[in-house]
Structures are given as C-alpha cells and as structure tokens.
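Quick notes on the structure that follows.
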Amino acid sequence: MLKAARRQALWSVTIGAIVLAGCTATEAEDTSRKQEPVAESAAQSSAAEVTFDPSRMPIFSDELPVKDRKQWTLPTDPYFDHRDWELETAAQVLMRVECMNQRGFTEEKMHLVPFAPRSESYGPGGERLFNEELAGKYGYRLAPDPSQVPGVPYRDPQSESHEQRMADSECDLIARARFDGISVEEWKKRNYEAAPGTDSGDASFLGSEADMALEVLEAQATVGSQLNRLHADRQAPALVAAAGRWNECMQPLGIPDLPDQPWDVTSVHALPESLQERWVSFDDSSSPNADAASADEIAVAVHDAQCRESSGWNEELYEAEWAIREEFVTAHREELRSQFDGRAEKAARALQILAEYGYK
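All the letters of the sequence shown, read from the start, carry residue numbers -28 to -1, 1 to 332 under mature numbering (1 follows the signal peptide of the UniProt record, and there is no 0).
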C-alpha cells in the first residue's frame, strides 16, 4: 500500500533528475507525442534553462484566515488548501499523457488546466458553498469546474481496449516515478508492500484484514484524521431554534418530506426524495453539471438559500463551525505543523515540471 512517510523522504530529489528522465530508459523518442497544450517535452528541455514563476508557489502557513461567512473560511483552511496536490496531479497527468502519446494513443489529451481559479462552488478549505447568488445561477448543482479543459471528457476505462488500459497503468507508474526522480522499479519497491504469504518481489496494495484494521485505527488517532472529523453539534439550542425558523420559512413551498433542519448541500442525495424525483435529471455521479438546473429547481434553491439566511441558520452554523475548529487548531498547533512537511518541496517540483511543458 502507499506509504506517505516514505514518499516524503523522496521529496528532496533534485528537479533536474526528474526533468531529464525519459518516459522510460528504453523507449525511443516519438514525434507523435507533440500535442496542444503541451509546448514541449520535459525530456527535451533542460532544468537549467526553464524555471517556474515563484508567484505560483503556494503559501504554507498556519496563520488563521480572516473570517468570511460568504466564502465560509475556517481556522482549518490552511490544512485543507490542496493547491500543491493539484499541481502534482497536473504534472503527473502531463507526463502520463505524453507517455501514452508515445505509445500511439494520440487521443489521450491533457484534461486539466494548471493554475485554474477555484470553482465558485467551493471555499478556500474545500467547503461547499450555498447562498442566494449561487442558487440563482446553478440551483443545487455545482458551478462549472475551471480546472477542466472544455471538450476533453473524463476517461472511461470501460470503453477502452485492454491494450490501452494496460498502457495507461504503465504510463501512470512511469509518471509517478519520474515525479519522484527514480526508476519505476525503485518506485514500486518504495511504495508497495508485499502481501503476507507472497514472495518479497511480489508487489501488492493488499495486506491482511488485521493489518488493515490496525492501520485504520492508527490513522484515526492522528491529528490529521481528527481534523477531518470536526463538526458543529447541530442539536445545540441555537441551531435547533434557527432550524425551526428555517422550517417555518420553507413551508410555503409545500415540500411533503421537508426535514426539521436544512439538508446538506454537498450531495444531491441529501435532498428530500420528493425533490430528487421532481428533478429527474439530477446526477452527481460523474458530471454534476451535465444538465442545467430547471427554473423550478432554481426557484426552490433561491427560496431555501434565503430562508437559511433570514432564519439565522447560516450565521449560527458558521460561528459554531469556526469556534470548534479554532479551539482544535489552538490546542494542536504544534502537531498540525507536521501537515506542511515536505509540501513546499513537492510543489516546487510540480511547478518546475509544469514549466518544462510550457505552463508558467
């Protein structure tokens, strides 16, 4: 299975080693790999000639953000700002696509937009936003994702040939190894564990059930895991009272299965079933924006957003969420600093690779 601790040890590998590594040590150059928007192959450039724009570098700081209910900023946002992970993903996808093009799968395209702004639907810490303005545009659906290249669909492995799926798996490993500046074999050795009862050379993500259960318990005890489980008590008197006002405000809509409290907007499946059935085009399985919201959905969403605001629900929930997170961050600040370990090095590596491909 993946070992985050071991991967962190690799983050000090020099950028030059990453950039100069070919898609494989044995593969010949293939001119068919040239495609937009990749300006040039990383294998054709020199790290000494191309450097990234320092202003692209994410800032890693445990300073509390400014309170902003509209953007739903929270004290835990610095630990959930994953721009460095997004940069790493973009860099690896570029290398994977290039590798696939080299193998003749020229239909593979870069589907991510490096340095894209954050979606309107999410706050700085990844919290789903819902307010009257967004409801008026998208109903309960997500805003368009600016990180996706328009017209380039998600991969559908089910529609691909066995040869293409195998090539994709190989190219994915090659991209990961190149990012870490090591060979594929070395990457496998460092990031996989041999399953119990297999030869030591047999790599597998699987371990015994007991081992996996123990790892889950250990992970839950970490400060990072506790951070993920922080939530305000929605049965607190102030929230119960605000929920009652929201429910009364929603009554004119005539929703037969209206809940006692506002539903979670992070998933369409949290909506009352009557509304899910009413808007049959709802599908958040792969592309939440596949169908635009109907006028009926927008009208309900806007009314809901107004009721959440006028009832005091938004204000009470935001203050409760801020308080519980501020208390946790203050008590665990030293432990939480470990969340930043190695991330600047990884971000710099990703930015350098992106620059080599023409993304500056």
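The beta-carbon is built from N, C-alpha and C at its ideal position, and this holds for glycine as well.
Cα-Cα separation, residue i to residue j
{"i": "Arg28", "j": "Ala147", "result": "22 Å"}
{"i": "Val69", "j": "Lys81", "result": "6 Å"}
{"i": "Gly330", "j": "Ala88", "result": "15 Å"}
{"i": "Ser17", "j": "Gly314", "result": "Any answer about Ser17 is weak, because its pLDDT of 45 lies below 50 and its placement is not dependable; what the coordinates show is given next. Approximately 26 Å between the Cα atoms of the pair."}
{"i": "Ala303", "j": "Asp229", "result": "41 Å"}
{"i": "Ile154", "j": "Lys161", "result": "11 Å"}
{"i": "Leu211", "j": "Tyr51", "result": "27 Å"}
{"i": "Glu288", "j": "Asn103", "result": "15 Å"}
{"i": "Trp285", "j": "Ala63", "result": "41 Å"}
{"i": "Pro37", "j": "Asp53", "result": "12 Å"}
{"i": "Leu101", "j": "Glu157", "result": "43 Å"}
{"i": "Pro86", "j": "Asp34", "result": "25 Å"}
{"i": "Trp44", "j": "Trp235", "result": "17 Å"}
{"i": "Leu202", "j": "His241", "result": "22 Å"}
{"i": "Glu299", "j": "Gly98", "result": "20 Å"}
Exposure of residue i, with buried meaning 16 or more beta-carbon neighbours within 10 Å
{"i": "Leu186", "result": "With a pLDDT of 46 at Leu186, under the threshold of 50, the modelled position of this residue cannot be trusted; read the value that follows with caution. Leu186 is exposed by the Cβ-count criterion."}
{"i": "Asn200", "result": "exposed"}
{"i": "Leu247", "result": "buried"}
{"i": "Gln207", "result": "exposed"}
{"i": "Ala295", "result": "exposed"}
{"i": "Lys42", "result": "exposed"}
{"i": "Thr194", "result": "exposed"}
{"i": "Lys318", "result": "buried"}
{"i": "Tyr126", "result": "exposed"}
{"i": "Ile325", "result": "buried"}
{"i": "Leu225", "result": "exposed"}
{"i": "Glu58", "result": "buried"}
{"i": "Glu79", "result": "exposed"}
Residue i (DSSP reduced to helix, strand or coil)
{"i": "Ala191", "result": "Note that Ala191 scores a pLDDT of 45, beneath 50, so its modelled location is shaky; the value from the coordinates is reported in the next line. Helix at Ala191."}
{"i": "Tyr112", "result": "coil"}
{"i": "Gln120", "result": "strand"}
{"i": "Tyr94", "result": "strand"}
{"i": "Arg201", "result": "coil"}
{"i": "Leu247", "result": "helix"}
{"i": "Arg100", "result": "strand"}
{"i": "residue 368", "result": "No answer is possible for residue 368: the residues shown for the chain start at -28 and end at 332."}
{"i": "Phe312", "result": "helix"}
{"i": "Ala264", "result": "coil"}
{"i": "Val38", "result": "coil"}
{"i": "Trp44", "result": "coil"}
{"i": "Asp236", "result": "coil"}
{"i": "Pro9", "result": "With a pLDDT of 39 at Pro9, under the threshold of 50, the predicted position of this residue should be treated as unreliable, though the coordinate-derived value follows. Three-state result, Pro9: coil."}
{"i": "Ala215", "result": "helix"}
{"i": "Ile31", "result": "coil"}
{"i": "Leu230", "result": "coil"}
{"i": "Pro209", "result": "helix"}
{"i": "Asp276", "result": "helix"}
{"i": "Pro89", "result": "coil"}
Host alpha helix (DSSP H) of residue i (start-end)
{"i": "Asp140", "result": "134 to 152"}
{"i": "Met67", "result": "55 to 74"}
{"i": "Tyr290", "result": "285 to 303"}
{"i": "Lys318", "result": "315 to 328"}
{"i": "Tyr126", "result": "Where Tyr126 is concerned, there is no enclosing alpha helix (DSSP H), given that its DSSP letter is neither H nor E."}
{"i": "Val156", "result": "156 to 163"}
{"i": "Asp49", "result": "49 to 52"}
Any non-hydrogen atom of the ligand NAP closer than 8 Å to residue i Cβ
{"i": "Leu46", "result": "Looking at this structure, you won't find the ligand NAP or any other ligand, since it has none at all."}
Handout entry: Three or more C-beta pairs below 8 Å linking the segment 132 to 139 and the segment 72 to 81
Key = Yes, since at least three Cβ pairs between the segment 132 to 139 and the segment 72 to 81 fall closer than 8 Å, the two stretches touch.
Problem - the segment 210 to 224 contacting the segment 263 to 271, beta-carbon criterion three pairs below 8 Å - result: Result no; under three Cβ-Cβ pairs closer than 8 Å.
Practice task
Spell out a yes or no on whether the segment 91 to 101 and the segment 114 to 127 are touching, meaning 3 or more CB-CB pairs, one atom from each, closer than 8 Å.
Solution key: With a cut-off of 8 Å, the segment 114 to 127 and the segment 91 to 101 count as touching, because enough Cβ pairs lie within range.
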